[in-house]
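Only one structure is covered here, and it is reproduced in the block below.
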Amino acid sequence: MTFQARYSGSFTSDDPAARHDVELPQGQPDRFVVRNRTAWGDDAAETSVQAEWLRGMAFDSFQSYDQAVTSGALSTEAGTTNGFRFIDEMNPPQFAALATTAISAAEPAVATMADTGSIAVGDIVRITGSTGMLQIAGYDFQVDGVSANTNITLQLDAQNFAAAATAGNVRLIIPNRMYPRYRYIVPLEDAAGITQEAQAVVTFSVDHDFSVGEKVSFRVDDEFGMSEINNMVGTVLSIGNMAEGAVYTAVAAGEAANAIRVDIDTSAFTAFAFPTSANAADGFQPAMVVPAGAGPQNGANPPLVPTSAAFDNRSRYLMRIGTSVITSAGATYDWWAEYSNQHEAE
Amino acid sequence: MPVLNSAAARLGQALRETQDVLQRDNLEATASIVNSIGGVNGDVPSEMALSDVDEIVSVLQQNDGEYIMVKIPGEDKIATSPVGDAYGCMCTARMIPVLNAIDEFTRKQFYPNVNVTLASEWGAVNNVRFFISSQGSVSPNASLLGNDVANCFVTAKEGYKVVWQAGGKARFIYLPPGYNNDPVMLRHTAGCSFYQGQAITNDLWVQNLRSTGI
C-alpha cells in the first residue's frame with residue numbers, strides 16, 4: 052500500500068518533561084508515531100520508548116512500548132489519558148468543565164481544583180459561575196502555573212477584589228488564531244489594568260499578539276472607571292511584560308508579552324478598576340482592546356505602514372503529545388505522521 | 586457530465602461556506618463585545634431584548650455608522666409592517682427562538698415587500714435586520730453561567746470588507762484519471778481554491794452583540 056503523504060520530524064523534550072505540540076501541514080493523520088531516540092536501546096528502563104496513535108482510537112489514548120532495564124525487552128501498553136490529541140485550531144475540541152472550590156482574591160489569583168485535568172502552563176482557560184467573584188465570569192485567562200490536581204495560577208491580580216470566589220468552573224479552551232485578536236484588560240502584577248501615566252501601559256488576561264506600530268482601540272465602560280479612554284485609538288509603542296511591583300519591561304517582537312505601552316496620556320483619567328461581583332451580576336460590558344488598523348507609524352521617516360499588523364489566519368493543525376508519551380526530560384524524540392490514500396474501517 | 590456538475594455544485598457550496606467561516610472568525614476575533622443585558626434569564630449576557638438592539642443602534646449612530654439597507658415603506662397589505670433603514674446583523678440559526686421572542690420583532694413574511702430580501706434574512710426590529718446561518722458564530726460555555734453565547738455581528742455600511750487578490754478568483758480544479766499516484770488511471774479528483782483576505786475598515790462600525798438563550 053502506498054501512502055498519500057508521510058511527514059516526519061524531531062524535537063527535544065522539555066526539562067522537566069512536558070507535553071509537546073507538533074504542527075502538521077495537513078489534517079488529521081491516519082497514524083502518528085513518536086520514538087524516543089535517546090532512550091531507545093540504552094538498556095535503561097523506559098516507559099513509552101515508542102508510542103503511536105491510529106485513526107479510530109479515542110483522543111488522548113495511546114499504544115506504547117515500554118523498555119525493560121538491562122535486557123531492553125519491549126512490552127506493550129495501552130492508555131487512555133495524556134496520550135495523543137489532534138487539534139484543528141479552526142475547529143478546536145471542547146473540553147469538560149472542571150470544578151474550582153475557590154479563586155483567591157490575591158496577586159496572582161489561584162484557583163483551587165481537585166482535578167486539573169490536562170491543563171498545563173500556557174493554556175487558556177475560561178472561568179464561569181465564579182460565585183462571589185462574578186466580575187471575571189466568562190473571561191479567558193492564561194494559566195501561569197499548575198500544581199497538578201491542587202490548583203492553577205491565573206494571569207490575574209485579584210488582590211483588590213472585595214472577596215474570593217467560593218465556587219466556579221474552569222474549562223480549557225483553544226481559541227482560533229485569527230490574528231490580531233481582541234484582549235480583555237485585567238489588573239496584573241500590582242498594575243491596575245491601565246496605568247495612569249503619559250504613555251499608558253495596558254495588561255491583559257491572556258498574552259497578546261499585537262505588534263509595534265499597530266493601532267488599537269479601547270472599549271472601557273463606566274463600570275471600569277476609566278471611561279475617558281473609551282473608543283480612543285492609540286498606537287502600540289512597545290510590547291512587553293508586567294512583572295511584580297508593576298514593573299513593565301519591553302520585549303522584542305515574537306516574544307511572549309502580556310502588556311502593551313500606548314501613546315495615550317491617561318495621567319488625568321479616572322483610575323481603572325474592576326466592577327464588583329454584585330455589579331457584574333446585573334450585566335456589564337467587558338473592558339477590552341480591539342485591533343484598529345496599522346498605520347501610518349508615528350514619526351517614521353520615510354512614512355510607512357507596518358504590515359505586521361495585517362489580518363492573518365494563523366490557525367494550525369497540531370498533534371498534541373501528552374506526558375504519558377513524553378516521559379523523558381531533555382530527550383530527542385522522532386515523529387512521523389502517515390496519511391493513507393484510503394482508509395477502510397469495516 | 587452530471588456527476589461532475591453535481592461535484593461542482595457541492596464544492597461551490599463548500600467554497601462559499603469556507604469564505605463565510607473565515608470572515609466569521611475574523612469578526613469574532615476583532616469586533617467589540619457588547620453583552621445583552623436587557624433579558625431576564627439571569628445570565629450575562631442575557632438573551633437579546635429590544636433594549637439591547639436599540640442600544641446597538643445608538644452606539645452605531647453615535648459612531649456615524651451609515652445604514653446598509655434602505656427602508657421598506659408600508660403598503661396596503663394586511664398584517665404587514667414597514668421596515669426602517671437598517672444595519673445588518675449576522676447571527677447563528679440557534680438565535681431563532683430568541684429573535685422571535687423580541688418585542689415588536691417583524692418576521693420577513695410580514696414585510697410589505699419581500700422581493701428585496703435575501704433567503705437568509707429572518708426578520709427585523711427597529712433599525713436592525715437579522716440574517717441567520719448554520720455557520721453563525723457561537724462561543725461555547727462563555728457566559729457567566731457557562732452557557733453558549735451567540736456572537737451577533739451588527740455592522741454599519743463599510744464596517745468590514747473582503748479583499749480579493751488579482752489572479753486568485755475561485756477556481757474549480759478537476760484532474761482526470763492518471764494524476765496523483767494513479768498508475769492504472771482509476772481515480773479522478775475535484776477541488777476548489779481561492780485567495781481571500783479580511784479587513785476591518787472601521788472598528789467602531791462593527792459590534793458583537795452577544796446573547797444567550799440559544
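Here the protein sequences come in this chain order: A and B. Position in the first sequence (from 1) plus 51 gives the number in our numbering. Position in the second sequence (from 1) plus 585 gives the number in our numbering. Backbone N, C-alpha and C fix where the C-beta goes; we use that ideal spot for every residue, glycine too. Just so it is clear, the structure is predicted and the values come from calculations on it, not from any experiment.
Asked                                                                                                                                     : Found
Interfacial residues, the stretch 712 to 737 of chain B to chain A, with Cβ spacing under 7 Å                                             : P725, N726, A727, S728, L729, L730, G731
Exposure of S181 (chain A), with buried meaning 16 or more beta-carbon neighbours within 10 Å                                             : buried
Buried versus exposed call for F335 (chain A) [16 or more other C-beta atoms within 10 Å across all chains shown]                         : buried
Exposed unless 16 or more other CB atoms sit within 10 angstroms - verdict on M770 (chain B)                                              : exposed
Contact with chain A by E602 (chain B), beta-carbon distance below 9 Å                                                                    : no
Where H259 (chain A) falls, given that 16 or more other Cβ within 10 Å makes a residue buried                                             : buried
CB contact below 9 Å: A332 (chain A) versus chain B                                                                                       : yes
Anticipated Cβ contact below 8 Å, S705 (chain B) with I717 (chain B), distance rounded                                                    : 6 Å
Secondary structure of G673 (chain B), DSSP reduced to three states                                                                       : strand
Outcome for K266 (chain A) when other beta-carbon atoms lying within 10 angstroms are tallied against a minimum of 16                     : buried
Contacts around V713 (chain B), its chain only, beta-carbon distance under 8 Å, and the 5 residues preceding and following it disregarded : V638, I641, V642, A671, Y672, G673, C674, V739
Three-state class that DSSP yields for F695 (chain B) in the structure shown                                                              : helix
Minimum Cβ-Cβ distance from S816 (chain B) to chain A less than 9 Å                                                                       : Outside the displayed range of chain B (586 to 799) lies residue 816 (chain B), so it cannot be described from this structure.
Residue burial classification, N87 (chain A) (beta-carbon count within 10 angstroms, cutoff 16)                                           : buried
Beta-bridge pairing of Y233 (chain A) - partner residues as DSSP gives them                                                               : Paired residue(s): none; Y233 (chain A) is not in a bridge.
Assigned secondary structure, N700 (chain B) (DSSP; H/G/I helix, E/B strand, else coil)                                                   : helix
Status (buried if at least 16 other CB within 10 Å, exposed otherwise) for L402 (chain A)                                                 : Nothing about residue 402 (chain A) can be reported from this structure: the residues present for chain A run from 52 to 397 only.
Cβ contact check for the stretch 362 to 375 of chain A and the stretch 63 to 71 of chain A: 3 or more pairs under 8 Å                     : yes
Euclidean distance between Cα positions of A102 (chain A) and L789 (chain B)                                                              : 51 Å
Sequence-distant residues of the same chain with beta carbon closer than 6 Å to V284 (chain A), five excluded per side                    : K266, S268, A343
Contact belief for M184 (chain A) with I154 (chain A) at Cβ below 8 Å, rounded distance in angstroms                                      : 6 Å
Near-chain B residues of the stretch 272 to 284 of chain A - C-beta to any C-beta below 9 Å                                               : N282, V284
Paired residues, beta bridge with N364 (chain A) - DSSP                                                                                   : A:M229
Identity of the residue in B:S722, B:A592, B:D688, B:T702 nearest L794 (chain B) by Cα                                                    : B:S722
Proximity test, Cβ basis, 9 Å: E395 (chain A) and chain B                                                                                 : no
Where the stretch 757 to 782 of chain B meets chain A: residues whose CB sits under 7 Å from a CB there                                   : N766, G782
Within-9 Å CB hit, Q336 (chain A) to chain B                                                                                              : yes
Residues of the stretch 174 to 208 of chain A whose Cβ lies closer than 7 Å to any Cβ of chain B, in chain order                          : R177, T179, G180, L185, A188, G189
Q783 (chain B), buried or exposed, once every other Cβ within 10 Å from all chains shown has been counted against 16                      : buried
9 Å Cβ cutoff, I687 (chain B) in contact with chain A                                                                                     : no
Close beta carbons around T217 (chain A), own chain, < 8 Å, minus the five adjacent residues each side                                    : T152, A153, T182, G183
Reference V655 (chain B); option with closest CA among B:P667, B:D661, B:S591, B:D649                                                     : B:P667
8 Å Cβ shell around R57 (chain A) - same chain, five flanking residues per side excluded                                                  : W387, A388, E389, Y390
Nearest neighbour of F110 (chain A), chosen from A:A95, A:I187, A:A129, A:Q118 [CA to CA]                                                 : A:A129
Assigned exposure category for Y780 (chain B) - 16 Cβ within 10 Å defines buried                                                          : exposed
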